[in-house]
Amino acid sequence: MRDLETLLAESAALHNHLCPRQVLGVRMGLLAGELLHIELPHPDKRLFTFVETDGCGLDGIAVATGCTAGHRNMRVMDYGKMAATFVDVITRESIRIVPSPEARVRARDYMTDSSNRWQAQLHAYQIMPAEELFAVKSVALTVSLDRILSEHGLRVNCEFCGEEVMNGREEAVDGRVLCRSCAGDAYYTTAESLKKAIAQG
């Protein structure tokens with residue numbers, strides 16, 4: 172397993188600086204590997220991670236665990252929380268790790284000579300014991316990990332727009348195979364559709 176200093180350098184390289192949330196992310200990932208008894212980064216995607224916000228902390232988790240959206244073993248659940256749930260894909264054991272509510276205050280106790288809170292957190296988070304820095308809970312998923320993982324090579328074409336849909340993400344609507352957008356779950360609209368909607372009042 173790579174050491175903390177190396178992982179922090181890798182995370183910092185993604186941002187051109189190191190911040191407290193990156194430190195938290197790296198340490199969360201390392202702690203998850205330790206608690207789930209998974210060597211990280213694991214070569215066969217044994218670990219799956221749900222992160223609850225995007226940004227710096229996510230990159231810290233990614234460099235520590237090897238989990239990324241591109242590898243399809245990380246999913247962002249945008250709750251705006253510096254928290255993550257780590258799942259052993261084989262045993263299905265799941266743990267959620269979140270920084271302790273007292274971590275920021277305790278950081279000043281560890282770094283009394285720091286010039287500001289940010290600097291105190293940056294350095295203290297690297298040395299604080301995990302039991303002071305984090306709260307850990309065993310959890311059960313309410314989403315289907317099997318559906319998220321899907322099967323390699325699944326592809327269909329949407330019967331409405333014709334676009335390819337991968338990884339079992341299609342929807343069956345009135346006997347037709349549709350992509351999620353055409354099934355009514357779109358996060359976008361086209362300029363043409365917007366003009367038509369405006370014209371119709």
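The numbering used here runs 171 ahead of the 1-based position in the sequence shown.
Beta carbons are placed, not taken as given, at the ideal position from N, Cα and C, and that holds for glycine.
8 Å Cβ cutoff met for residue i and residue j
| i | j | result |
| --- | --- | --- |
| M337 | R351 | no |
| P214 | Q292 | no |
| R288 | R279 | yes |
| K308 | R263 | no |
| Q193 | A184 | no |
| E363 | L349 | no |
Presumed contact (8 Å Cβ cut-off) between residue i and residue j, rounded CB distance
| i | j | result |
| --- | --- | --- |
| D230 | G196 | 7 Å |
| F305 | S265 | About 15 Å; that fails the 8 Å criterion. |
| L218 | D259 | 7 Å |
| A255 | V222 | 5 Å |
| G251 | T220 | Wrong, their Cβ atoms sit about 17 Å apart, outside the cutoff. |
| F257 | L207 | 6 Å |
Alpha helix (DSSP H) segment containing residue i, residue limits
| i | result |
| --- | --- |
| R263 | Looking at the DSSP string, R263 is not in any alpha helix (DSSP H), and its letter there is neither H nor E. |
| L185 | 175-186 |
| L116 | The requested residue 116 does not occur in the structure, where the chain is confined to residues 172 to 372. |
| V307 | Where V307 is concerned, there is no enclosing alpha helix (DSSP H), although the beta strand (DSSP E) it sits in stretches over 305-309. |
| L312 | Careful: L312 lies outside any alpha helix (DSSP H) and carries neither H nor E. |
| T236 | 227-236 |
| Q297 | 288-298 |
For residue i, the residue or residues it bridges with in DSSP
| i | result |
| --- | --- |
| S321 | S321 is not bridged to any residue. |
| L349 | E342 |
| T283 | Looking at the DSSP assignment, T283 forms no beta bridge with any residue, so it has no partner. |
| V269 | A306 |
| A255 | V222, I268 |
Spatial distance of residue i from residue j (CA atoms)
| i | j | result |
| --- | --- | --- |
| L320 | T283 | 46 Å |
| L201 | A368 | 50 Å |
| M245 | C227 | 15 Å |
| G355 | A301 | 44 Å |
| R347 | E334 | 14 Å |
| A295 | M199 | 15 Å |
| G237 | I261 | 17 Å |
| Q290 | M248 | 29 Å |
| I298 | T177 | 15 Å |
| S286 | G241 | 39 Å |
| H186 | A370 | 45 Å |
| C353 | H323 | 23 Å |
| T313 | R243 | 19 Å |
| L189 | A343 | 46 Å |
| M253 | V269 | 6 Å |
| G339 | L316 | 13 Å |
| R275 | Y359 | 39 Å |
| Y281 | L179 | 19 Å |
| I232 | I209 | 14 Å |
| N328 | D345 | 16 Å |
First and last residue of the uninterrupted beta strand (DSSP E) at residue i
| i | result |
| --- | --- |
| M245 | 245-247 |
| E335 | 335-337 |
| V222 | 218-222 |
| V327 | 326-328 |
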